[in-house]
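Following the working numbering, the numbering of the sequence shown begins with 295 at its first residue and continues without gaps.
Where is the CB? At the ideal position from N, CA and C, for every residue including glycine.
Model, not experiment: these values are computed from the prediction.
This report concerns only the one structure given below.
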Amino acid sequence: MTRLRPVTGPDDPAILEAAAILALGGLVAFPTETVYGLGADGLNPEAVARIYAAKGRPATNPVILHVADAAAARELVSHWSAEATALAARFWPGPLTLVLPASAAVPSIVRAGGPSVALRCPAHPVALALIRAAGRPLAAPSANRSQHLSPTLAQHVASSLGEAVDLILDGGPTEAGLESTILDLTGERPRILRPGPVGPAELAALVGPVDRWEGAVRAGAVQAAPGMGERHYAPRARLDLVAPGTGLREASGAVAYVGLGTLPELPGGVRGILLPLDADAVGTRLFALLHELDDAGFDRIIMELPPEDDAWLAVRDRLRRASAKEMP
Numbered sequence: 295m296t297r298l299r300p301v302t303g304p305d306d307p308a309i310l311e312a313a314a315i316l317a318l319g320g321l322v323a324f325p326t327e328t329v330y331g332l333g334a335d336g337l338n339p340e341a342v343a344r345i346y347a348a349k350g351r352p353a354t355n356p357v358i359l360h361v362a363d364a365a366a367a368r369e370l371v372s373h374w375s376a377e378a379t380a381l382a383a384r385f386w387p388g389p390l391t392l393v394l395p396a397s398a399a400v401p402s403i404v405r406a407g408g409p410s411v412a413l414r415c416p417a418h419p420v421a422l423a424l425i426r427a428a429g430r431p432l433a434a435p436s437a438n439r440s441q442h443l444s445p446t447l448a449q450h451v452a453s454s455l456g457e458a459v460d461l462i463l464d465g466g467p468t469e470a471g472l473e474s475t476i477l478d479l480t481g482e483r484p485r486i487l488r489p490g491p492v493g494p495a496e497l498a499a500l501v502g503p504v505d506r507w508e509g510a511v512r513a514g515a516v517q518a519a520p521g522m523g524e525r526h527y528a529p530r531a532r533l534d535l536v537a538p539g540t541g542l543r544e545a546s547g548a549v550a551y552v553g554l555g556t557l558p559e560l561p562g563g564v565r566g567i568l569l570p571l572d573a574d575a576v577g578t579r580l581f582a583l584l585h586e587l588d589d590a591g592f593d594r595i596i597m598e599l600p601p602e603d604d605a606w607l608a609v610r611d612r613l614r615r616a617s618a619k620e621m622p
């Protein structure tokens, strides 16, 4: 049975135990401020291959390397730009991933064979302590089966990956609840590949105009960063998105309806859930709520779409991919 160890802080002895497992090529799930990550030595191709096997992750989907600081990140790129310096100084540690040209030190499997590497310095004391104790960058995608809901609790990791993980560090619920913003710095202008907690306006204030990538990478094509496939972050239940206030006339089976700001009148037997019209609050709660509804056995989840403004970019992105009906 996979071991689950509570961690109380960066000095917890469990962190040294986890670092020893990583040094032997093992897998350790650990908390970050966004979601739980499935970590391996990012410079050990065989260890990273275990991540792909555990998740059932396509080889075309690269993984993020988590580093202790900007100095460690510089060693993994062939060119560290002035933009990267400014962004790391402002947002690291934090929920921003930078995509930069990879150095020869980064294994091909980490990059999915592409020319760039995704780097992040997490703002969680346990994650940072583990990276420092390991003395290596940690490859760490979300600790769940590929395309499924990201974990915001250690129990989510155990349920999704089970025996595939050597150790789970339980640091309690994650804070942000959504994965990091991913910003590509390899082109002429910075480009958001995945929206997240750091918004376009915050980025533009520091580096000027920022483009946004919108769409989905087709099956079999190499992704520049995680989270770019059409279907991702999906619950087991069918997820349907509707306009605010749409409501529901009738329903069969176990159905939940998630309203934003207000909850319309619903048929008997439908569970109504009211979330505030607040992007940060919904982002923090979204994956945890979908996990709860899956665990409760709901067949169908109907959720109202948030407003189309920048504050809701990350939530809308996750909902769109979670509700996609076709696997890539």
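Using only the alpha-carbon positions, how far apart do residue i and residue j sit?
i	j	result
A433	P325	14 Å
F581	P445	7 Å
W606	A495	13 Å
E508	A618	15 Å
P304	L542	48 Å
D534	V549	11 Å
L557	G591	22 Å
R615	P529	11 Å
L584	M522	20 Å
V516	D574	31 Å
L413	D572	29 Å
R610	P389	18 Å
A343	G333	11 Å
A545	V552	14 Å
A313	P561	52 Å
P600	G490	15 Å
P570	D593	24 Å
R368	L381	13 Å
T475	G563	38 Å
L422	V361	8 Å
I425	Y346	20 Å
D588	W374	43 Å
R532	E598	14 Å
I502	A383	The residue you asked about is not Ile; residue 502 is Gly in the sequence shown. Looking at the two C-alpha atoms, the distance is approximately 16 Å.
V536	I595	11 Å
V357	R405	7 Å
P307	R483	44 Å
Just to confirm the assignment, what range does the alpha helix (DSSP H) spanning residue i have?
i	result
G591	It is not in any alpha helix (DSSP H) - G591 carries neither H nor E in the DSSP assignment.
H442	That residue, H442, is in no alpha helix (DSSP H); it is neither H nor E in DSSP.
V451	A448 to L455
V371	Here V371 belongs to no alpha helix (DSSP H), and DSSP marks it neither H nor E.
L607	L607 to A616
Grab me the residues of residue i's own chain with a C-beta within less than 8 Å of its C-beta, minus the 5 sequence neighbours each way, in chain order.
i	result
G471	T328, V329, T446, G577, T578, R579, L580, F581 and A582
S440	K349, G350, R351, P352 and N355
R701	Lying before the first or after the last residue shown, residue 701 is absent from the chain, which here runs from 295 to 622.
S402	P339
L310	A427
D691	What the structure shows of the chain is the stretch from 295 to 622, and residue 691 is not part of that stretch, so it cannot be assessed.
How is the beta strand (DSSP E) around residue i delimited, first residue to last?
i	result
D335	G331 to D335
P304	Here P304 belongs to no beta strand (DSSP E), and DSSP marks it neither H nor E.
L463	L461 to D464
V536	R532 to V536
L298	R297 to P300
Kindly examine the ligand ZN and report whether one of its heavy atoms sits closer than 7 Å to the Cβ of residue i.
i	result
P503	Ligands are entirely absent from the displayed structure, and the ligand ZN is therefore not among its contents.
Apart from the five residues just before and just after residue i, which ones in its own chain have a Cβ nearer than 7 Å to its Cβ?
i	result
R612	L472, Y527 and L580
R430	D335, G336 and L337
L298	A448, A452, I462 and D464
A518	V393, G408, S410, D478 and L487
E457	T296
F385	V492
T480	V393, L394, P395 and S410
G547	D593 and R594
Can you list, in chain order, the residues of its chain with a C-beta nearer than 6 Å to that of residue i? Leave out the 5 residues immediately preceding and following it.
i	result
G372	Residue 372 is actually Ser in this sequence, not Gly. If we look at S372 and ignore the five residues flanking it on each side, its Cβ neighbours are P395 and S397.
S436	V329 and S444
V625	Lying before the first or after the last residue shown, residue 625 is absent from the chain, which here runs from 295 to 622.
V400	L370 and V411
E377	L479 and V501
Ordered list of beta strand (DSSP E) runs contained in the stretch 377-435, each at least 3 residues: 390-395 and 410-414
Unbroken stretches of the beta strand (DSSP E), 3 residues or longer, contained in the stretch 544-581: 549-554 and 565-569
Contact the stretch 458-467 vs the stretch 417-425: 3+ CB pairs below 8 Å: yes
Ordered list of beta strand (DSSP E) runs contained in the stretch 471-522, each at least 3 residues: 475-478 and 485-488
Sequence ranges, alpha helix (DSSP H) only - wholly within the stretch 314-363, length at least 4: 339-349
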